[in-house]
Amino acid sequence: MRADSDLGLFPDGVVVLSAMIEFQDVHKSFNSKVVLAGVDLTVERGETMVVIGGSGSGKSVLLKHVVGLMRPDQGRVIVDGADVTALNEAALTELRKKFGVLFQGAALFDSLSVWENVGFPLTQHTRLSAREIREVAREKLALVGLKGVEDLMPSELSGGMKKRVGLARAIAHDPEILLYDEPTTGLDPIMADVINELIIRLKQQLKVTSIAITHDMTSAYKIADRIAMLYQGKIQEVGTSDEIRHSPNPIVHQFITGSAEGPIAVA
Amino acid sequence: MTVAGSSLERIGQLTLKVLDEVGQLALLVAAMGRNVLSRPWAFRLHFKQMEEVGTKSIPVVLITGLSTGMVLALQSYNGFQRFRAESLVGTVVALSMTRELGPVLTGLMVAGRAGAAMAAELGTMRVTEQIDALASMGVNPVKYLVFPRFVAGVLMLPILTVLADWIGIVGGYFVSVRLLDVNSTVYIRRTLDYLEVNDVYGGLLKAVIFGGIISLISCHRGFTAGGGAEGVGQATTGAVVTSCVLILISDYFLTALLY
Numbered sequence: 002m003r004a005d006s007d008l009g010l011f012p013d014g015v016v017v018l019s020a021m022i023e024f025q026d027v028h029k030s031f032n033s034k035v036v037l038a039g040v041d042l043t044v045e046r047g048e049t050m051v052v053i054g055g056s057g058s059g060k061s062v063l064l065k066h067v068v069g070l071m072r073p074d075q076g077r078v079i080v081d082g083a084d085v086t087a088l089n090e091a092a093l094t095e096l097r098k099k100f101g102v103l104f105q106g107a108a109l110f111d112s113l114s115v116w117e118n119v120g121f122p123l124t125q126h127t128r129l130s131a132r133e134i135r136e137v138a139r140e141k142l143a144l145v146g147l148k149g150v151e152d153l154m155p156s157e158l159s160g161g162m163k164k165r166v167g168l169a170r171a172i173a174h175d176p177e178i179l180l181y182d183e184p185t186t187g188l189d190p191i192m193a194d195v196i197n198e199l200i201i202r203l204k205q206q207l208k209v210t211s212i213a214i215t216h217d218m219t220s221a222y223k224i225a226d227r228i229a230m231l232y233q234g235k236i237q238e239v240g241t242s243d244e245i246r247h248s249p250n251p252i253v254h255q256f257i258t259g260s261a262e263g264p265i266a267v268a
Numbered sequence: 070m071t072v073a074g075s076s077l078e079r080i081g082q083l084t085l086k087v088l089d090e091v092g093q094l095a096l097l098v099a100a101m102g103r104n105v106l107s108r109p110w111a112f113r114l115h116f117k118q119m120e121e122v123g124t125k126s127i128p129v130v131l132i133t134g135l136s137t138g139m140v141l142a143l144q145s146y147n148g149f150q151r152f153r154a155e156s157l158v159g160t161v162v163a164l165s166m167t168r169e170l171g172p173v174l175t176g177l178m179v180a181g182r183a184g185a186a187m188a189a190e191l192g193t194m195r196v197t198e199q200i201d202a203l204a205s206m207g208v209n210p211v212k213y214l215v216f217p218r219f220v221a222g223v224l225m226l227p228i229l230t231v232l233a234d235w236i237g238i239v240g241g242y243f244v245s246v247r248l249l250d251v252n253s254t255v256y257i258r259r260t261l262d263y264l265e266v267n268d269v270y271g272g273l274l275k276a277v278i279f280g281g282i283i284s285l286i287s288c289h290r291g292f293t294a295g296g297g298a299e300g301v302g303q304a305t306t307g308a309v310v311t312s313c314v315l316i317l318i319s320d321y322f323l324t325a326l327l328y
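Those protein sequences? They're chains F and C, same order as listed. Be aware that the first sequence starts at 2, since it is given in the working numbering, and climbs by one per residue. Be aware that the second sequence starts at 70, since it is given in the working numbering, and climbs by one per residue.
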């Protein structure tokens, strides 16, 4: 065990740290394929951390560890002082109420209308009436720039609208932490920028801590406080947009310039 | 050596696969048991699944039951005529329907209809991350998705079986009395004289177990689906085939045990 992870450890196992999310030496393999090989990453409160990396580099896997959808083979994930990897089901359910997650394909529930989707976390965890929930849903939809879509079904929406509804659902219960899985992938450049602006506005208005994973560098530079590059199961470099842009690390340089030539093997 | 070795290897792999699935099903049941008592109760989801599994299966179950009862009457009439036992047709139809054909055919039809739908729906939810979305919002997917389907299967199968039994016996009566000139009073007497309450109860108990098998297998296959549309297709096929085979296998042992 590293010395610094012992600091601030109370006898009852509660970890007191200023960081909101902390990965400590996280390992994860599927069958024999190593996806995460010792990830160390700290996300401060109120910060937007963007994790960049190629397709299949384990970004989504990393994100799923934060909400406890996956458990590491080794290492710990600390969220707001609680070790996610050691929580039981009930405690994990409680912790998950702090999160809002925007999934890559929005993951809207097909069988529910738009407002029922947005209000879903409230339906499950509060005693608000259907009318009150509908009102909250309308507010959150307005926040992401959607009006008059409350009664549509997800199948009637375009890709960009689905993402925005997904975003409205992620913020419906005023979470403290937002996780974005490729928020701009598959959108046209203008819609991608609308989503970027939304992410920035949500950060300013709601003061949330965020992790976004993406391989869209335009989006990364725009929304990030800091950027971390994941390659071969490890965080290669962490820094501000400027530091990453001028990084001497050849792996980072190849990725952000989008070059086929370099240390990253193209299969 | 190589032929024997590879077939041994295959048997070993199959055994491991079966044991793995049994283990996962046990975990699914355990997860259901842990979560059923906590709030919220979500009755709406239960009623919706009862409609999906029960109400919407009524037409297909009625058609199957009616056809089976009628054919059974016709076949046994033709056979029994050879030794002048036509009067026993009513008994044969009633016993076969309640003890065996009612529950088994209902189970197979519901496996094809509702089981396939469960596996396809949950499989699609899995590959489009909707199940992850549920979990990430602090909603237990097993409680929200599997438990209502399990309850619907266990409750609705016996009710559907009663319908199949009833219409099968009615169909048998119709064929025997109206088409084959069996005396109506004799037919009814022979049906009631030999049919015992335990015949019906045994059939219904089978139906309860078949309902549980269909829901558990189908939900599990859906939950573990992977790899896009193809994976969902495989999960659906697997759910129907596995449910049907398990219904047929367990039917033998239940019959041996019950009667």
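Glycine included, each C-beta is placed from N, C-alpha and C at the ideal position. Please read these numbers as outputs of a predicted model, since none were measured by experiment.
Cβ of residue i within 9 Å of any chain C Cβ
i, result
"residue 135 of chain F", "no"
"residue 52 of chain F", "no"
"residue 35 of chain F", "no"
"residue 108 of chain F", "yes"
"residue 100 of chain F", "yes"
"residue 45 of chain F", "no"
"residue 175 of chain F", "no"
"residue 81 of chain F", "no"
"residue 90 of chain F", "yes"
"residue 84 of chain F", "no"
"residue 111 of chain F", "yes"
Interface residues of chain F facing residue i [CB-CB closer than 9 Å]
i, result
"residue 208 of chain C", "94, 97, 121, 122, 125, 126"
"residue 201 of chain C", "65, 68, 70, 102, 104, 108"
Cutoff 9 Å: residue i Cβ touching any chain F Cβ
i, result
"residue 89 of chain C", "no"
"residue 187 of chain C", "no"
"residue 194 of chain C", "yes"
"residue 320 of chain C", "no"
"residue 151 of chain C", "no"
"residue 334 of chain C", "Here chain C covers residues 70 to 328 and nothing more, so residue 334 of chain C does not appear."
"residue 290 of chain C", "no"
"residue 103 of chain C", "yes"
Neighbouring residues, chain C, relative to residue i (Cβ below 8 Å)
i, result
"residue 161 of chain F", "Chain C residues near residue 161 of chain F: none, gap ~17 Å exceeds 8 Å."
Sequence-distant residues of its chain with Cβ nearer than 6 Å to residue i (five each side left out)
i, result
"residue 327 of chain C", "271"
"residue 236 of chain C", "131, 134, 135"
"residue 138 of chain F", "116, 119, 120"
"residue 319 of chain C", "none"
"residue 130 of chain F", "none"
"residue 43 of chain F", "20, 23"
"residue 150 of chain F", "115"
Contacts of residue i in chain F (Cβ-Cβ under 7 Å)
i, result
"residue 204 of chain C", "70"
DSSP three-state assignment for residue i, whether helix, strand or coil
i, result
"residue 97 of chain F", "helix"
"residue 238 of chain C", "helix"
"residue 110 of chain F", "coil"
"residue 240 of chain F", "strand"
"residue 317 of chain C", "helix"
"residue 78 of chain C", "helix"
"residue 19 of chain F", "coil"
"residue 162 of chain F", "helix"
"residue 256 of chain C", "helix"
Nonlocal neighbours in the same chain, by C-beta distance under 7 Å from residue i, ignoring five residues either side
i, result
"residue 188 of chain F", "160, 161, 164, 196"
"residue 180 of chain C", "283, 309, 312, 313, 316"
"residue 77 of chain F", "25, 84, 86"
Within chain C, the residues that residue i reaches when beta carbons sit closer than 9 Å
i, result
"residue 105 of chain F", "198"
Top-ranked residue by Cα proximity to residue i, from the options
i, options, result
"residue 75 of chain F", "F:112, F:41, F:237", "F:41"
"residue 197 of chain C", "C:301, C:216, C:146, C:263", "C:301"
"residue 161 of chain C", "C:245, C:98, C:304, C:182", "C:245"
"residue 129 of chain C", "C:156, C:170, C:146, C:174", "C:174"
"residue 22 of chain F", "F:82, F:52, F:259", "F:82"
"residue 205 of chain F", "F:190, F:49, F:212", "F:49"
"residue 256 of chain C", "C:159, C:199, C:232", "C:159"
"residue 45 of chain F", "F:247, F:147, F:239", "F:239"
"residue 98 of chain F", "C:142, C:207, C:153, C:191", "C:207"
"residue 122 of chain F", "C:114, C:202, C:78", "C:202"
"residue 189 of chain C", "C:306, C:325, C:324", "C:306"
Contact set for residue i: own chain, Cβ-Cβ below 8 Å, skip 5 residues either direction
i, result
"residue 241 of chain F", "225, 226, 227, 228"
"residue 117 of chain C", "217"
Proximity test, residue i beta-carbon vs the ligand ATP heavy atom, cut-off 8 Å
i, result
"residue 36 of chain F", "Ligands in the displayed structure: none, and consequently the ligand ATP is not present."
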